[in-house]
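Okay, so the sequence shown: first residue is 0 according to numbering that gives the first Met the number 0, each after it adds one.
A virtual CB, placed ideally from N, CA and C, is assigned to each residue, including glycine.
Here's the structure, in structure tokens; my notes come after.
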Amino acid sequence: MTKGVALVTGGGRRIGAQICATLIEEGWYVIVHARTSVDEAQALLDEASQKANGEACGEVVKADLSSDEGLAFLIDETKSIIEAQNAAGLGVLVHNASIYNSKDYASVSLEELRLNNRIHIEVPFLLTQSLSPVLKAASGCVIGMVDTSLGRAWEGLAHYTASKAGLRQLMMNLAGDLAPHIRVNCVAPGAIMAAPWEAEHFASVIEKVPLGRGGAPEDVANAVSFLVRSTYLSGQVIEVDGGWSVAP
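In structure tokens form, the structure reads like this:
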């Protein structure tokens with residue numbers, strides 16, 4: 000018996016993969032959404048199945064969320080999986096799919112800006128909206144993965160941080176709109192996993208972290224797990240940043 004069905008967008012690698020692994024360990028049947036990391040997502044589920052004596056622990060759904068067709072496919076597949084699992088509904092929805100790249104503000108195109116807003120704002124809005132009935136049926140929770148850099152001026156990240164700020168505000172609004180049947184919260188990772196192009200910036204951030212080190216994907220996944228289990232928490236943002244957000 001599983002606890003129910005969970006959906007994690009962008010779950011094939013990095014932090015998303017650890018969130019999926021943690022939810023599976025805690026008994027959830029996880030729908031792992033991926034766009035390009037399908038093989039990694041399947042390997043994650045195969046490993047989890049081996050640990051569970053061959054029992055299926057989830058399914059991979061490949062979809063390009065930048066298109067309306069891709070989003071509709073993920074919604075339909077999620078509903079079909081919930082029905083096939085005889086689950087009450089959708090217990091957990093984690094909006095983890097993301098685009099993260101550095102680009103000079105003057106050279107950001109309208110297409111790039113719209114893509115960031117699409118993945119970080121439109122998709123979470125529409126996906127939550129479409130899945131609200133099945134979330135309500137399971138008294139589920141929604142978690143938006145935001146960023147601790149919000150409110151700061153980071154060179155080359157205006158398009159990214161603006162859209163992530165929109166996601167954070169969307170989650171706060173939905174915490175009110177979807178109450179009392181659905182809880183909505185955010186997790187804001189700090190210096191967790193450096194992208195290949197930001198090693199120097201990443202090192203400079205860690206120097207300011209009070210705990211004196213970067214975090215691990217497990218730290219973020221544990222925060223997600225905590226919010227899933229905390230049935231009286233809604234409208235909250237957990238900063239997983241080693242104290243960086245309050246550093247002088």
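- A contact is defined here as three or more CB-CB pairs under 8 angstroms, and the segment 62 to 76 meets this definition with respect to the segment 100 to 120.
- Under the three-state reduction of DSSP output, tyrosine 159 falls in the helix class.
- Glycine 241 has its alpha-carbon roughly 6 angstroms from the corresponding atom of proline 209.
- Residue state for tyrosine 104 is assigned as helix, using DSSP reduced to three classes.
- Counting along the chain, alanine 5 sits inside the beta strand (DSSP E) bounded by residues 3 to 7.
- Secondary structure of histidine 119 (DSSP, three-state): helix.
- Each residue's CA atom was taken as its position, placing leucine 173 and valine 183 some 7 angstroms apart.
- Taking 8 angstroms as the cut-off, the Cβ atoms of histidine 94 and threonine 8 count as close.
- With respect to the 8 angstroms criterion, alanine 246 and glycine 214 are not classified as neighbours on the basis of their beta carbons.
- A residue is called buried when at least 16 other Cβ atoms come within 10 angstroms of its Cβ; tyrosine 104 does not meet this threshold and is exposed.
- Between the alpha carbons of glycine 143 and asparagine 52 lies a distance of about 32 angstroms.
- The residues Ile120, Pro123, Phe124 and Gly143, in chain order, have a CB closer than 8 angstroms to that of leucine 169 in the same chain once the five nearest residues on each side in sequence are set aside.
- Across the structure, arginine 34 and isoleucine 118 are spaced so that their CA atoms are roughly 12 angstroms apart.
- Where lysine 50 is concerned, the enclosing alpha helix (DSSP H) starts and stops at 37 to 50.
- Per DSSP, isoleucine 191 lies in no beta strand (DSSP E) and is assigned neither H nor E.
- In this structure, the straight-line span from the alpha carbon of serine 129 to that of glutamate 206 is close to 43 angstroms.
- For tryptophan 27, the pairing in a beta bridge is given by DSSP as Gly3.
- Under the three-state reduction of DSSP, asparagine 184 is assigned to strand.
- Linking tyrosine 99 to alanine 161 through their CA atoms gives a straight-line distance of about 12 angstroms.
- Around the CB of glycine 139, 16 or more other CB atoms lie within 10 Å, so the residue is classed as buried.
- Distances from the alpha-carbon of glutamine 17 to those of Val4, Val60, Ser131 and Ala47 put Ala47 closest.
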